[in-house]
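Enquirer: Under the working numbering, the first residue of the sequence shown carries the number 843, and numbering increases by one thereafter. In this text, a Cβ means the ideal position worked out from N, Cα and C, and glycines have one as well. No experiment lies behind these values; they were computed from the predicted model shown. Handing you a structure now.
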Amino acid sequence: MARRTIWLAVAVVGLLAATVALPLARAGEDPMSWFAILSGAEEVPARDTRARGLAYFQLSADETELSFILIVANIRNVVASHIHCGAFGVSGPVGVNLFIVGAPGGGRVNGVLTRGVATGPNSGNACGWSTLSDVITAMDNGDAYVNVHTNDGVEPTNTGPGDFPGGEIRGQIRTAHA
843 MARRTIWLAV AVVGLLAATV ALPLARAGED PMSWFAILSG AEEVPARDTR ARGLAYFQLS
903 ADETELSFIL IVANIRNVVA SHIHCGAFGV SGPVGVNLFI VGAPGGGRVN GVLTRGVATG
963 PNSGNACGWS TLSDVITAMD NGDAYVNVHT NDGVEPTNTG PGDFPGGEIR GQIRTAHA
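Put into structure tokens, the structure is as follows:
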């Protein structure tokens, strides 16, 4: 089962890389790209959930824009997704917003949660990132991760899938470029 999941993730990353890279890459250049495979097992603490996700990032040729896509499955009540600073197994503060919906208690999401372009980190973030270059350095060094936050809007919190405000699924960002 785990082996099949890994191969599926690799295939999806390859497909995403080809899909996103084609319009962004200039002739003769290899785009800088990163990916993260998200699961509850990577959250701190680990979460018992069937939810999964995959994030793909690509830096523009002029290194001023970071395009991203985040695909999720079997998750509900999504309220936010971010890039956080932090090594594997370490919780860190938010550095870049990817998706913010605000209100808790939404429906199930299967497919593209969000896609967009980041031009820099959140202003005043606690990661100490002031430029997009700072974010990229953290991603290259394994010091950044993506997670997806959920909240059903009913107290108490952290009662199970669909109700993990601190994060239901997480994936460490890894380099996909040479």
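For leucine 896 and serine 972, I'd like the C-alpha separation in whole angstroms.
Expert: Within the sequence shown, the letter at position 54 stands for residue 896. Within the sequence shown, the letter at position 130 stands for residue 972. Between leucine 896 and serine 972, the C-alpha separation is close to 26 Å.
Enquirer: So what does isoleucine 917 bridge to, in DSSP terms?
Expert: As a position in the sequence shown, residue 917 is number 75, starting the count at 1. In the DSSP output, where bridge partners are listed per residue, isoleucine 917 has Val951.
Enquirer: Does the region 983-994 come within contact of the region 920-937, defined as at least 3 CB pairs closer than 8 Å?
Expert: Judged by Cβ distances under 8 Å, the region 983-994 makes contact with the region 920-937, as three or more pairs qualify.
Enquirer: How would you call arginine 868, buried or exposed, if buried means at least 16 neighbouring beta carbons within 10 angstroms?
Expert: Position 26 of the sequence shown holds residue 868. In this prediction, arginine 868 scores a pLDDT of 43, lower than 50, which makes its location untrustworthy; no coordinate-derived value is stated.
Enquirer: Classify serine 975 as buried or exposed, calling it buried when 16 or more other Cβ atoms lie within 10 Å of its own Cβ.
Expert: Taking the sequence shown and counting its residues from 1, one reaches residue 975 at position 133. Serine 975 should be labelled exposed.
Enquirer: Quick one: using the 10 Å Cβ neighbour count with 16 as the cut-off for buried, is phenylalanine 930 buried or exposed?
Expert: If you number the sequence shown from 1, residue 930 lands on position 88. Result: exposed.
Enquirer: Could you tell me the distance, in whole angstroms, from the CA atom of isoleucine 942 to the CA atom of aspartate 872?
Expert: Position 100 of the sequence shown, counted from the first residue, corresponds to residue 942. Position 30 of the sequence shown, counted from the first residue, corresponds to residue 872. Between isoleucine 942 and aspartate 872, the C-alpha separation is close to 31 Å.
Enquirer: Rounding to the nearest angstrom, what Cα-Cα distance links glycine 937 and glycine 966 in this structure?
Expert: Stepping through the sequence shown from its first residue, residue 937 is reached at position 95. Stepping through the sequence shown from its first residue, residue 966 is reached at position 124. Distance between the alpha carbons of glycine 937 and glycine 966 is about 9 Å.
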